[in-house]
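Undergrad: Take a look at the following structure, please.
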Amino acid sequence: MGFVILGHATNLPEHAIGRDESVEFARTICCESPKHEKIVPVLYRRSGVDVRYSALLQEDDGRPSRRFAYYPPRTEPGDRGPTTAARMATYVEEVPGLLLPAVRRALEAADVPPQTVTHLVTVSCTGFMNPGLDLMLIEGLGFDRGIERTHVGFMGCHGFLNGLRVAKALAEADPDAVVVTCAVEICSLHYRYGWDQDGLVANALFADGAACVVGVGDRHRRATQPTGPDAAVTGTGSFVVPDSADAMTWHVRDYGFEMTLSATVPDLIGENVRPWVESWLSKRGLTIGDIGSWAVHPGGPRILTATAEALGLPDDALDVSTEVLRTHGNMSSPTLMFVLDGLWRQGRPTPTVALGFGPGLAVEATLFGPRNV
1065 MGFVILGHAT NLPEHAIGRD ESVEFARTIC CESPKHEKIV PVLYRRSGVD
1115 VRYSALLQED DGRPSRRFAY YPPRTEPGDR GPTTAARMAT YVEEVPGLLL
1165 PAVRRALEAA DVPPQTVTHL VTVSCTGFMN PGLDLMLIEG LGFDRGIERT
1215 HVGFMGCHGF LNGLRVAKAL AEADPDAVVV TCAVEICSLH YRYGWDQDGL
1265 VANALFADGA ACVVGVGDRH RRATQPTGPD AAVTGTGSFV VPDSADAMTW
1315 HVRDYGFEMT LSATVPDLIG ENVRPWVESW LSKRGLTIGD IGSWAVHPGG
1365 PRILTATAEA LGLPDDALDV STEVLRTHGN MSSPTLMFVL DGLWRQGRPT
1415 PTVALGFGPG LAVEATLFGP RNV
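Written out as C-alpha cells, the structure is:
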C-alpha cells in the first residue's frame, strides 16, 4: 500500500527579483569595501539562481532598495536589520496569502471538498506561530474542526518529504483517511546583513514559495477517480551522514534564522549518497538503473552536481531541478514539489526518487510509483 496522490498545487508570491537587482541590493546591505562589491556578482552567478520570488517585495520594478524596503540600509557597521520578533510578526502576516491558495488549488485539482479531509500535515522551518498553520487553514478553508493535525517543523529543505512520510503512514493506518500535506516558507525573512560568507550564500540562494499535495490510502483510492498525476508514495527512507553535524545548520538568532553551509557538503554527498541509496533501493527490489526519474532538491549547483556524479546519472537527469533553481531559487521545503510538478508535467517515467538534504547532514528519500500498482 501507499499514499495515492489525487491532486497537487504550488504557489509563489506576486513579485520576483532578478539576479542583477539582487546583486545591487546586496551591495547596499552586505558589502563593507570595494573588494566586497566585486565579489558579490561572482557569488550570485555561482548560485545558479536567475530569478527569485519574495513575499517581501512591494513592487514589480524600481530600485531594489525601494522594492525591498522591508530591509532598510545599514545605519552603522553593526546594524543587522529587523529583529527576529519583527520578522516572525511578518511571517504571521504573509503566510496566509502564500499557503491558502496552494491548498485551495490542490483540493480543487483533487476534486476533494475541504469538509471531507480527515488529516492535515503542515510543514515549515522559516517561522513560528501558535495558533499555527493548521488553525489558519481550518479557519481559511473550512476544514472540519475535528480534523487530525500534525506539524513538521524546523527540518529544513527536506521537510516536505518528512511530511509525505507522515501522510503515507496516516493513509495506510486509516483506510478512510483523506490527507492534505502542505509546506510554506518565507526564506527571504532571514536576509543577512553585513559581510559573512554563509550569509551571502543564503542571501543568493533562498526564496519563498508554497506547495500542497492531497492524497488517500490505496483502499480509499479504489472508490475514487483520480485526476492528478499517476503517482503514489510507495516508500520512504532517511540517513544521517556520520560526523556531519556541523556541515549544515539552521539556528535561531536575534536577527533572523542563520544558516551555515560547509564547503564539505558536496564531498559528503559524493562519499555517502550512493552506498545508502543502493542499500535503500535494494530492500525494495530496485537498483539505481531501475529509477526512471529523479527529483533532487536544488540546494545549489554543487549539490546537484555532486548528487548526479555520485549516482552516475545521465547529464539531463537533474535538468528539472536545475531549472527550478534557476527560475525560482531554493524555497526550502516546498521546492521538491516544484521539481516533482515539472517531472509529472513532462510525463517523466517512474519509479521516481526524490532526495532532499538538510541539517545533520541528513538525507531524506521518497519513492514514487504508479498509483495503480
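Heads up: the sequence shown runs through residues 1065 to 1437, numbered per my numbering.
Ideal Cβ placement from N, Cα and C applies to all residues, glycine included.
Which same chain residues end up closer than 7 Å to Ala1381 when comparing Cβ atoms and leaving out the 5 residues on each side of it in sequence?
TA: Hits under 7 Å: Trp1358 and Ala1372.
Undergrad: Where are the alpha helix (DSSP H) runs, 4 residues long or more, that stay fully inside the segment 1175-1215, in chain order?
TA: Segments of the alpha helix (DSSP H) lying fully in the segment 1175-1215: 1197-1205.
Undergrad: So Ala1374 and Arg1348 are supposed to be a Cβ contact under 8 Å. How far apart are they, rounded?
TA: Going by Cβ atoms, the distance from Ala1374 to Arg1348 rounds to 19 Å, so no, they are not a contact pair.
Undergrad: Would you identify the three-state DSSP class for Gly1161, choosing helix, strand or coil?
TA: It is helical.
Undergrad: Could you work out which residue in Ala1429, Asp1208 and Ala1073 is closest to Trp1340 when comparing CA atoms only?
TA: The residue with the shortest Cα to Cα distance from Trp1340 is Ala1429.
Undergrad: Is Gly1393 near Trp1344, with beta carbons less than 8 Å apart?
TA: The answer is no: Cβ separation not under 8 Å.
Undergrad: On the DSSP letters alone, give me the boundaries of the beta strand (DSSP E) that His1361 sits inside.
TA: Note, His1361: premise wrong, no beta strand (DSSP E); not H, not E.
Undergrad: Based on Cα-Cα distance, which residue from Met1152, Val1384, Leu1164 and Ala1073 lies nearest to Gln1410?
TA: Answer by Cα proximity: Val1384.
Undergrad: So is Asn1226 buried or exposed if we call it buried at 16+ other beta carbons inside 10 Å?
TA: Asn1226 should be labelled buried.
Undergrad: Reducing DSSP to helix, strand and coil, say where Ala1150 ends up.
TA: The answer is helix: DSSP assigns Ala1150 an H, G or I state.
Undergrad: Work out the CA separation of Asp1318 and Val1248 for me, nearest whole Å.
TA: Computed Cα separation, rounded: 22 Å.
Undergrad: Between the segment 1232-1250 and the segment 1189-1202, are three or more C-beta pairs nearer than 8 Å?
TA: Cβ pair count under 8 Å is three or more, so yes.
Undergrad: Should Tyr1155 and Thr1190 be called a contact, given that it needs their Cβ atoms to be closer than 8 Å?
TA: Contact flag set, yes.
Undergrad: Could you spell out the range, first to last residue, of the alpha helix (DSSP H) harbouring Met1401?
TA: That run of the alpha helix (DSSP H) goes Thr1399 to Arg1409.
Undergrad: How should Gly1376 be labelled, buried or exposed, when 16 other C-beta atoms within 10 angstroms of its C-beta is the threshold for buried?
TA: Answer is exposed; the Cβ neighbour count stays below 16.
Undergrad: Could you tell me the boundaries of the alpha helix (DSSP H) in which Ser1129 lies?
TA: Taken as a continuous stretch (DSSP letters only), the alpha helix (DSSP H) holding Ser1129 covers Pro1128 to Arg1131.
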